[in-house]
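One structure is given here, and the rest of the page talks about it.
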Amino acid sequence: MCNWADLPHLILYEIICRLSFFDDIFIFGVVCKSWQSVVNSFEKPPLPPKCPWIMLAEEREQGNKESQTRGFFNLSDAKTYDFNLPELVGRKCFGISFGWLLTIGTDLQINLFHPFSKHLISLPPQPTFCRQFPYEMEPEDLRSIFVFKCVLSRSPWNSETHQYDPDCIIMEIYGEVRTLAFTRPGYKAWIDIESPTQCYDDIAFYKGIFYAVDVHGEVFACCSDELLACRIDDNQKVGATVVAPRPKGTRDVIKKYIVESSGGLLLVSRVRGGHLYSYGDEDQEEVIDNDPYVTIGFTVLKLKRCTQAGSKYKYKYVKVHSLGDRALFVGNNSSVSLSASSFNGCKANCINFTDDNFEFYGANGGGYDMGVFSMEDRDTSMPYPVESLSYFSTPLWYI
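The opening position of the sequence shown corresponds to residue 2 in my numbering, with each subsequent residue numbered one higher.
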């Protein structure tokens, strides 16, 4: 009888070439070490997964050592798969689409990493940001809180040259006041974006423009062409301009996300309750008393072109009552909208969320505030593994 682990690598290579989806290739590598070695050496351009996965928090082995294995929960079959990823040990991770992660460790080096291909692109380290904390901080703390959010303009890997793409722009929210900065593969430092505000919550890239929303709900825009023309060694400044006003009735403590969906931009507001949130209104009737914080609902607004004469804003807001076939994914990742009917395990007209409330992680870390919110019945379900906690790198969407 044939031993599957002893199949010639050439045959395994031919099998991988006939697989169409990232998920299948990823699972292929779990069969045994021999098959995993073929996957790791495969030169095929990185593929995105056919369905969102949840990359679970880093676990600890006996002796309190961090495990080199990371669990990935697959929505399509509701199973968890373990993968050997020593490159992620002790590093905070952010999901940034195209199958890539952004990571930062206690070495304060910032990388782009693709778990399937094992491609790693080094970005400028944390000390090269213009704005640093005004007081000394331990590397463990900087790893946990310095980077807040990240988004890409395109895949950072050029499938023709098999090298990084120098025209990929990486935009981040960072630092104590959560301001904007960008860099590109090959750059030596991060460049600040001049802005009339700070305390940003999220970023999206849409039709050649980066859009960022602050804690007040105001939306700002920055053109990628201006960023591509900007060099580290010149004195050219790149700025963000306001394009949408603060929505009526919003609060700064309500988390905001901005996401491209069906050819438009959505402003998604996440309302939390619990011990650590007190709005002084009827929202608290829905709170579970034992939770320090818990997501109790979402509201969605669409940015619509403003035609009012004399308005300084490019967009106004329209209330969204249904997402139709779309499913949104928010948390420690680039906010994403997908067609639910195109992916197994996705529910239409729902918002899928993971725990990104790092300011209030508890004694065991964060990660439990995750689930699915239905826009139709306004209820939240918890179909994902919730016992996955971390002090610095909670579960995130891997898309």
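For glycine and all other residues, C-beta sits at the position ideal for the given N, C-alpha and C.
Quick caveat: nothing in here was measured; it's all calculated off a predicted structure.
K257 and S270 have their C-alpha atoms roughly 5 Å apart. The secondary-structure analysis by DSSP pairs A182 across a beta bridge with E173 and D193.
Residue pairing by DSSP places E161 opposite no residue, since no beta bridge is assigned to it. For the pair G96 and L339, the CB atoms are not nearer than the 7 Å cut-off. Judged by beta-carbon spacing, D370 lies beyond the 7 Å limit of D380, meaning their Cβ atoms are not closer than that value. By the C-beta criterion, the segment 372–387 is judged to be in contact with the segment 340–353, since at least 3 inter-stretch pairs fall below 8 Å.
When DSSP reads this structure, A328 sits in a beta bridge with L339 and C351. Where S123 is concerned, the enclosing beta strand (DSSP E) starts and stops at L121 to L124.
The beta-bridge partner set that DSSP reports for C151 consists of E173.
Beta-bridge partners of S382 (DSSP): V373. Cα atoms of W36 and E161: separation of roughly 25 Å, rounded to the nearest angstrom. DSSP places I297 in the uninterrupted beta strand (DSSP E) bounded by V295 to R306. Taken atom to atom, the span from the alpha-carbon of G250 to that of F221 is near 19 Å. Between I171 and R185 the beta-carbon gap is near 7 Å, inside 8 Å, which marks them as a contact.
Setting aside the 5 residues that flank it on each side, T242 is surrounded in the same chain by F221 and A222, each with a C-beta closer than 7 Å to its C-beta; the list follows chain order.
By a beta-carbon distance limit of 8 Å, Q199 does not contact V214. Their separation comes to about 12 Å.
Listed in chain order, the alpha helix (DSSP H) runs fully inside the segment 205–253 are 225–230, counting runs of at least 4 residues. Annotation for Y316: V220, V244, A245, L266, L304, K305, R306 and C307 place their beta carbon closer than 8 Å to its own, counting only its chain and skipping 5 residues before and after.
Between G363 and S389 a beta carbon distance of about 14 Å is seen, past the 8 Å cut, so the two are scored as non-contacting. Listed in chain order, the alpha helix (DSSP H) elements of length 4 or more contained wholly in the segment 48–110 amount to none.
In the three-state scheme derived from DSSP, where H, G and I count as helix and E and B as strand, E139 is classed as coil. In this structure, the straight-line span from the alpha carbon of V319 to that of L268 is close to 10 Å. Per DSSP, the continuous beta strand (DSSP E) segment holding G274 begins and ends at G265 to G274.
Burial is judged here by how many other beta carbons sit within 10 angstroms of a residue's own beta carbon; R252 has fewer than 16 and is exposed. Exclusion of the five residues before and after Y392 leaves S145, Y362, G366 and G367 as the residues of its chain whose Cβ lies within less than 8 Å of its Cβ.
Comparing alpha-carbon positions, the option among I105, C52 and L86 lying closest to A79 turns out to be C52.
In this structure E141 does not touch T104 by the C-beta definition: roughly 15 Å separates them, more than the 8 Å allowed. When C-alpha distances from F211 are compared across G187, P167, V254 and E261, the shortest belongs to E261. Counted as a single uninterrupted DSSP element, the beta strand (DSSP E) harbouring L397 occupies residues L397 to Y399.
Around the beta-carbon of G332, 16 or more other beta-carbon atoms lie within 10 Å, marking it buried.
Partner residues in the beta bridge of V319, as assigned by DSSP, are K303. With contacts defined by Cβ atoms closer than 7 Å, F114 and L102 form a contacting pair. When DSSP states are grouped into helix, strand and coil, L390 belongs to the coil group. In the three-state reduction of the DSSP assignment, S118 falls in the coil class.
Exposure of L229 is indicated by the presence of fewer than 16 other C-beta atoms within 10 angstroms of its C-beta. The beta carbon of L277 sits closer than 8 Å to those of P293, Y294 and F361, all from its chain and outside the five residues before and after it, given in chain order.
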